Structures are given as structure tokens and as C-alpha cells.
Amino acid sequence: MDKLVVKGPSRIEGEVTISKAKNAYLPILAGAILAEDEVIFSEVPNLRDIRTMNNLLTHLGTVIEEKKAGEFSYFLNELKTHEAPYDLVKTMRASICVLGPLLARFKKARVSLPGGCAIGTRPIDLHLKNLEKMGAEITIEGGYVEAKTDRLKGAHLTLDFPSVGATENLMMAATLANGTTVIENAALEPEVTDLGHFLQRMGAKIEGLDSKTITIHGVEKLNGCHFTAIGDRIEAATYIISGLMTNSQIKVKGFNPIHLDAVIEKLEQMGAKLERGEDFVEVFPSKIVGGEIDTAPYPGFPTDVQAQMVALATQAEGTSIITEHIFENRFMHVPELQRMGANITIKGNSAIVKGGASLKGAPVMCTDLRASAALVLAGFCAEGETHVQRVYHLDRGYEKIGEKFAGLGATIERVKE
Ligand code: EPZ
């Protein structure tokens with residue numbers, strides 16, 4: 009297993025270009041199952057989760073060819089199997105997004121239950137009960153979801169919670185259903201909208217994208233197309249916060265700042281000097297003061313930026329209160345930051361962070377993807393070397409993180425454990 013050796017304190021400067029969004033491409037690649045002919049994707053990020061999704065799609069029978077760097081064709085003519093096996097699904101719960109497309113086009117699916125993960129139990133009840141409302145017969149046997157249908161039918165669905173994955177699975181399932189499906193209380197995340205745009209490009213009839221009520225009129229078939237996903241707003245937020253933590257001037261390009269409205273507003277409230285452009289945010293040296301952050305579904309403050317905000321808060325002036333409302337166990341970065349000298353107290357689902365901590369480099373352990381990013385950010389502020397171990401967590405969602413930060417002048421090196 010590799011580790012990242014981060015030397016601090018680091019000043020960083022220059023420009024960094026963000027990759028295309030992992031959380032857009034993962035459901036979109038699953039959506040390629042729906043197409044009767046070839047789909048071409050450009051600028052697919054080289055991430056561990058993308059490779060896992062590709063392994064799963066290949067297992068199902070999809071032929072994936074690299075046309076040129078970052079550009080891939082996906083073609084699923086007929087299924088080799090309708091089973092998404094545990095050994096693939098357990099490493100990435102987003103695999104559950106093949107369920108809707110398999111049911112819609114092939115009328116059957118056998119998908120391993122994803123199981124929990126580090127940040128919480130993460131059930132899929134909202135996916136399953138709403139697919140049943142669309143006419144799927146679903147049983148749970150031996151840790152697998154067994155689903156079949158003669159043909160999915162349109163239904164009026166209301167999500168108890170605006171689940172990103174459930175909205176995506178149900179939207180994909182509805183594209184080939186018989187009749188019209190309405191999804192009420194749909195998730196508004198930009199990645200959901202991007203999936204909707206991809207499905208429309210393939211010929212799906214969808215109204216209400218970017219709203220809490222999405223209407224999908226089923227069609228007979230979907231065709232191939234060429235698509236490129238949006239820039240990764242969570243990766244962008246991570247680099248923006250790295251600039252603020254090191255009192256640097258950096259330009260973060262290749263994403264839509266509107267997708268980070270809540271984050272940018274909160275950072276500016278805390279004293280950040282940021283300039284927004286069409287497809288970039290420029291960060292200027294700023295004096296950051298503590299703030300109150302509550303994670304929420306989009307357009308609220310994203311849970312995927314919570315860990316990075318805790319890291320920033322350790323350096324802010326004054327106290328911050330950061331409360332996690334989406335997942336039940338998303339503070340694994342806290343004990344690791346405390347080992348570096350951070351002054352953080354957990355009270356229920358809140359982290360109370362006393363700012364102005366002088367952090368010391370230390371060997372730290374990655375747990376979930378975003379917690380790992382927070383440790384790298386803290387390493388830039390710490391005195392000495394921070395050895396960030398089990399970097400495979402980072403490789404899931406941050407393309408070339410070592411090279412990108414080194415390109416900004418940070419002292420960061422990937423070494424074999
Ligand atoms: C997506 O996960 C993202 N993953 C997550 O990013 C992100 O944190 C999350 O949305 C929230 O924004 C991908 O897009 C691949 P949810 P997802 O369904 O779809 C509960 C990262 O770091 N819930 O909106 O799993 C669930 O337990 C990852 O890139 C149910 O109770 O999120 C959680 O508490 C981490 N029943 C809440 O809803 C269900 O059937 C949000 O889950 C589904 C969800």
C-alpha cells in the first residue's frame with residue numbers, strides 16, 4: 009500500500025485543473041447499460057471507483073474500449089450475466105446504480121447488497137421500495153437483491169429523503185418504463201442533473217431537472233451518444249480550502265462555481281477572499297475566522313466537504329461548530345487530526361473546533377475518501393512530515409492528487425509502504 013509524505017508548512021501557488029466529477033460519471037457509466045448502441049465518454053477521470061465500475065460493467069457484458077486518452081466507448085449488446093457480485097459491489101456502493109438500468113432494459117438483476125461503509129450503514133430501502141412501486145418484484149436472498157419484472161411501469165414516487173443514489177436509480181429505471189414516472193422530493197445535486205442531461209442525450213424524455221419534481225416519460229429504447237460529465241465540485245472545494253489553509257493564491261479551474269454556492273458563501277462569511285469566474289475560483293491570502301457549518305442536501309452545504317472544513321477550522325481564528333446531518337459516522341478524520349495537535353471535541357453529531365492550532369506532522373491513517381483529503385490538507389499546515397497511509401482511499405476520488413499538489417509547489421511525494 010502506498011502512502012503520501014507531505015512536508016509542512018507548505019505555501020502553494022499557481023493553477024490547478026479539476027477532473028470530471030466521479031459522482032457524475034459513476035451513475036452515468038451505469039446508465040450506459042440502457043443504450044442499444046455505442047456510447048462515447050470523454051475526459052473520464054482515472055480513479056479507482058471508475059475502474060471498479062468498469063470492472064462491473066465488463067462483468068455484465070459491456071465492451072469498453074479506450075478510443076484515446078480519457079475517451080472510452082461503452083457497448084452492451086447482450087448480458088453475459090445479470091449479477092453484480094459481492095466482491096465488486098462491496099468495494100463501491102455506487103454499484104447499486106446498475107440495478108435500475110438492468111431492470112429497465114433487461115427486466116432482471118441480481119445485485120449484492122452494498123453493505124455499510126466507514127461513514128454509515130447507508131441502506132438502499134428508498135431504491136427498493138420505489139422500484140417495487142414501478143412493478144419490480146424484489147426479494148433479498150443471501151445478501152443479494154433479486155429483482156425482476158415483465159416491464160417496469162410509470163408510477164408516482166415520493167422519496168422520504170432526497171437521496172442522490174435513489175433519485176439516480178429511479179430516474180434511469182423510468183426512462184424505459186411503460187408510462188410516466190414522477191419523482192417527488194428528488195435530490196437536486198448537480199450530478200443528478202448531469203445524469204439527466206446524459207439520459208436526455210440518449211433520447212430519454214425527462215422534465216423538471218434541477219427541481220424537486222422530476223417527470224420521466226418512458227420510451228421504447230435509448231440510443232448511443234457522446235457525453236462529457238461536469239467538473240468535480242468536491243475536488244474543487246478541496247483545492248480551494250488547501251489555498252485558504254496555506255494562506256496562498258491559487259486558481260482552481262474546470263468546474264462550475266455555481267455548484268459550490270453554499271461552500272463559497274460559507275467560506276466568504278469566514279473571511280475567505282475568493283473571486284468567481286465562469287469556470288474557476290481564484291483564492292487569495294485570507295484571514296479565516298471560525299464559523300458554523302451544517303451539512304444538508306443540495307443546495308445546502310455538502311457533506312462531502314465537511315471533513316475539509318474541519319481541517320480548515322483548526323487553522324481559523326476562534327471556534328467553529330461543524331454539524332453532520334447526512335451520515336451517522338463521518339468524523340473519522342477527527343481522531344487523526346487530534347493526533348496532529350488539533351483541538352476538536354465531538355458532541356453528538358457536531359465537531360467543536362478551537363482554531364489557531366499549531367499542528368505537528370504525524371503518521372496518519374486514511375479511512376473514507378474525504379477524511380483522507382482532510383489529512384493531506386492538515387499536512388500542508390503541520391510542522392514536519394505527515395505520512396498519510398492507505399492512500400488507496402484517496403485514489404477512489406482524487407485523480408493525481410500528489411502530482412496536482414506538487415504542481416502547485418507543495419512538497420508531497422507518493423512512496424511505497
Ligand atoms: C452520494 O451517495 C455520493 N456518492 C456521496 O459521496 C455523497 O456523500 C452523498 O450522495 C450525499 O451527497 C455518489 O454519488 C457515488 P444518499 P449516496 O443516497 O447516493 C440515506 C463521496 O465521498 N439513505 O443521498 O449513497 C443514507 O443512509 C461519496 O464521493 C437511506 O436511508 O447518498 C444517507 O444517510 C460519499 N436510504 C443519506 O440518505 C436509501 O435508500 C444520503 O444518502 C438511500 C439513502
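Heads up, the numbering used here is the position in the sequence shown plus 8, with the first residue counted as 1. Every residue gets a Cβ at the ideal spot worked out from N, C-alpha and C, and that includes glycine. Just so it is clear, the structure is predicted and the values come from calculations on it, not from any experiment.
Buried or exposed (CB count within 10 angstroms, at least 16 for buried), residue i
| i | result |
| --- | --- |
| Glu286 | exposed |
| Phe169 | exposed |
| His267 | buried |
| Ala11 | For the sequence presented, residue 11 should be read as Lys rather than Ala. Buried is the call here. |
| Glu54 | Before going on, a small fix: residue 54 reads as Asn here, not Glu. Exposed: under 16 other Cβ atoms inside 10 Å. |
| Val423 | exposed |
| Lys412 | buried |
| Tyr82 | buried |
| Met253 | buried |
| Thr189 | buried |
| Asp240 | buried |
| Gln277 | exposed |
| Asp202 | buried |
| Tyr406 | buried |
| Thr394 | buried |
| Gly151 | exposed |
| Ile148 | exposed |
| Ile354 | exposed |
| Pro198 | buried |
Secondary structure of residue i, DSSP reduced to three states
| i | result |
| --- | --- |
| Val271 | helix |
| Thr201 | helix |
| Tyr82 | strand |
| Cys125 | strand |
| Leu230 | strand |
| Arg130 | coil |
| Glu325 | strand |
| Ser250 | helix |
| Asp57 | helix |
| Glu46 | coil |
| Thr66 | helix |
| Thr175 | helix |
| Glu215 | strand |
| Lys355 | strand |
| Leu52 | Per the sequence shown, residue 52 should be read as Val rather than Leu. Val52: coil per DSSP, three-state reduction. |
Beta bridge counterpart(s) of residue i as assigned by DSSP
| i | result |
| --- | --- |
| Asn165 | Looking at the sequence itself, residue 165 is Leu, so the reference to Asn does not match. Answer by DSSP bridge pairing, in chain order: Ile191. |
| Arg395 | At residue 395 the sequence reads His, which differs from the Arg that was named. For His395, which the question treats as bridged, DSSP gives the partners Val13, Pro371. |
| Gly239 | Lys28 |
| Ala92 | Val119 |
| Gly22 | Ile258 |
| Tyr152 | Ser120, Glu149 |
| Ile72 | Tyr82 |
| Phe292 | Lys281 |
| Arg422 | Leu12 |
| Phe430 | With the chain covering 9 to 425 only, the question about residue 430 has no answer from this structure. |
| Thr221 | Glu192 |
| Asn138 | DSSP lists no partner for Asn138. |
| Val297 | Glu325 |
| Ile360 | Ile329, Thr353 |
Cutoff 6 Å; reference residue i; Cβ partners in own chain excluding five residues on either side
| i | result |
| --- | --- |
| Glu300 | Ile329 |
| Leu84 | Ile41, Gly69, Thr70 |
| His135 | Ala174, Asn177 |
| Glu91 | Arg118 |
| Ala390 | Gly16, Met348, Leu367, Lys368, Gly369 |
| Met100 | Asp57, Thr60 |
| Gly279 | Ser294, Lys295, Ile296, Val297 |
| Ile409 | Leu402 |
| Ala102 | Leu34 |
| Gly108 | Asn177, Met180, Ala181 |
| Gln323 | Met253, Cys389 |
Close beta carbons around residue i, own chain, < 8 Å, minus the five adjacent residues each side
| i | result |
| --- | --- |
| Thr316 | One point to set straight first is that residue 316 is Gln, not Thr, in the sequence displayed. Cβ within range, chain order: Ala245, Thr246, Ile249, Arg378, Ala381, Ala382, Leu385. |
| Asn255 | Arg19, Pro293, Ser294 |
| Gly22 | Ile258, Lys259, Gly415, Leu416, Gly417 |
| Gly128 | Phe335, Glu336, Asn337, Arg338 |
| His333 | Asp302, Thr303, Ala304, Thr311, Asn357 |
| Gly47 | Note that residue 47 is Val in the sequence shown here, rather than Gly. Taken in chain order, the residues that qualify are Ala40, Ser81, Tyr82, Phe83, Met210, Gly232, Cys233, His234, Phe235. |
| Glu44 | Lys229, Leu230, Asn231, Gly232 |
| Lys98 | Ser120, Pro122, Gly123 |
Beta-carbon proximity list for residue i, same chain, < 7 Å, skipping 5 on both sides
| i | result |
| --- | --- |
| Ala112 | Leu42, Leu160, Met180, Ala181, Thr183, Leu184, Ala185 |
| Lys274 | Gly299, Ile301, Phe309 |
| Lys141 | Ala163, Leu165 |
| Leu320 | Ile249, Leu252, Met253, Ile296 |
| Asn193 | Thr166, Leu167, Pro170, Lys220 |
| Lys362 | Thr327, Asn351 |
Worksheet entry | Contact between the stretch 109-122 and the stretch 69-81 (3+ Cβ pairs under 8 Å) | no
Worksheet item: Is it a yes or a no for the stretch 17-35 touching the stretch 62-71, going by three-plus beta-carbon pairs under 8 Å?
Response: no
Discussion item. Under 8 Å: do the stretch 226-242 and the stretch 201-211 share three or more Cβ pairs, one atom per stretch?
Written reply: yes
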